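Below you'll find the structure, written out as structure tokens, and then a few comments.
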Amino acid sequence: MIKTKLICMLLIVAVLGITGTAFSKATPGKSELAIYSGPTNSGWISNDTCQANTKTIMDDVRMKKLFGSIRNFGDGTEKGYDSALGKWVKGHTGNGQQDVLITASGTCPSALYQFPNKNPDGSPVEEFVEAGNVVINVADWIFYMSYEGGARSADNGANGAANVFDIPGLSFSNRGGADEIPTALGKKYIPSLKPFKSVRPWHLEQFEGKPWTLHLFAVDKDDPNTADPAVAVSNEKGRDGNGMIAAMWQKDSPAWAAKPDPRGIGVVEFISNWLAAHGTMVSVEPQGKLSTAWAKIKNN
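To get our numbering, take the position in the sequence shown, counting from 1, and add 29.
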């Protein structure tokens, strides 16, 4: 009987690690991390690659030291605002600490933003950012659509990102340019960053006159208005800090050609090196005051 119970418990743990919710116990007073590793758009990042990158992030000693808890939300946890992921986002909005959400799948489930653009203003993910928290996306166009349940949702299209950023017409479309080359900022904070061709880059000119400060880690060799990876920091402080949205390595690559995959280790470096220094994640002493100038761009 005891042996049977033990086997059942091991099976439950194994299943949660793949399709359910895996988490570490929260430490009071420390920022928390959630990863969405649900179904992917396989042409952009395969499910196996997504799971491997998620493991890389969760197992990294720097992540374990930085966050009070790390939770992995997989398939079946992301449908609607009252899902497990939806409740996590709501519970970490306006709680007085800067928390982080990574969409490792490159997709945006209905727990965050109900497709297709059902709540263009005031979606959970928008409120999460406006309160001062951090969203990091890799692979496909940020906030574009969901693959929850294994089937493609009705697309939010470009309006998904435009609505969350509050920038009408915002696009991450392919510009057909040259490789993105690491900036001084990229070399300093993301040492694994190598030149690559982004297919869903930032269009920097669209942020002119907007209340965001852009930090660029790699810029197109031939076009200074095209970048990836980059992070936008809101100049409007919320209860949890200054909200941030990072879109990184947005490229159609089911399995990254070079190893290690930057969508795993590169995200770790971004968080542990740049975000830890420039965010408000650590409750001890503020790290440097963020600029309040609108549309300011930093790449060194």
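Quick reminder that beta carbons are idealized off the backbone N, C-alpha and C, glycines included.
If you're wondering where the values come from, they're calculated on a predicted model, not measured in any experiment.
Contacting residues, own chain, Cβ-Cβ under 6 Å from residue i (five flanking each side not counted)
| i | result |
| --- | --- |
| D169 | N70, W73 and G135 |
| K327 | H244 |
| I131 | I64 and I165 |
Minimum C-alpha distance to residue i - residue among the options
| i | options | result |
| --- | --- | --- |
| D77 | K147, S282 and I300 | S282 |
| I171 | A133, K147 and E234 | A133 |
| E265 | A183, E156 and F102 | E156 |
| E237 | A275, G198 and L222 | G198 |
| V260 | N192, K280, F299 and V228 | F299 |
| S227 | I210, M310 and F102 | I210 |
| L214 | L304, G97, K116 and H121 | L304 |
| D104 | K288, G205, S139 and A286 | S139 |
| G115 | G178, F102 and K84 | F102 |
| N271 | F225, D150 and T242 | T242 |
| H307 | A286, K288 and V262 | V262 |
| G178 | D128, K108 and R268 | K108 |
| N192 | P224, P220, P153 and N162 | P153 |
| K288 | G161, V158 and T85 | T85 |
| I99 | R292, W117, D111 and Y110 | W117 |
Span of the alpha helix (DSSP H) around residue i
| i | result |
| --- | --- |
| K250 | Careful: K250 lies outside any alpha helix (DSSP H) and carries neither H nor E. |
| L62 | Not the alpha helix (DSSP H): L62 falls in the beta strand (DSSP E), residues E61 to Y65. |
| R336 | This structure cannot speak to residue 336, because the chain is shown only from 30 to 329. |
| F194 | A187 to F194 |
| I219 | It is not in any alpha helix (DSSP H) - I219 carries neither H nor E in the DSSP assignment. |
| E156 | P153 to E159 |
Near the ligand PLP: residue i beta-carbon under 7 Å from a heavy atom
| i | result |
| --- | --- |
| Q143 | Judged by which ligands are present, the structure shown has none, so any question about the ligand PLP falls away. |
Residues sharing a beta bridge with residue i, DSSP
| i | result |
| --- | --- |
| K327 | H244 |
| K266 | N271 |
| E209 | F225 and D249 |
| I165 | I131 and A275 |
| W231 | A256 |
| A261 | L243 and I274 |
Own chain partners of residue i with C-beta closer than 8 Å, once the 5 adjacent residues on each side are dropped
| i | result |
| --- | --- |
| Y176 | G67, P68, T69, N70, S134, T136 and S182 |
Outcome for residue i when other beta-carbon atoms lying within 10 angstroms are tallied against a minimum of 16
| i | result |
| --- | --- |
| S202 | exposed |
| A190 | buried |
| K280 | buried |
| A256 | buried |
| E234 | exposed |
| A180 | exposed |
| D89 | buried |
| A276 | buried |
| P220 | exposed |
Spatial neighbours of residue i in its chain, beta-carbon cut-off 7 Å, leaving aside the 5 residues before and after
| i | result |
| --- | --- |
| R91 | V297 and S301 |
| K59 | F96 and G97 |
| N82 | A133, D290, R292 and G293 |
| L39 | Because L39 carries a pLDDT of 35, less than 50, the predicted location of this residue cannot be relied on, and no value is offered for it. |
Where the beta strand (DSSP E) through residue i begins and ends
| i | result |
| --- | --- |
| N101 | S98 to F102 |
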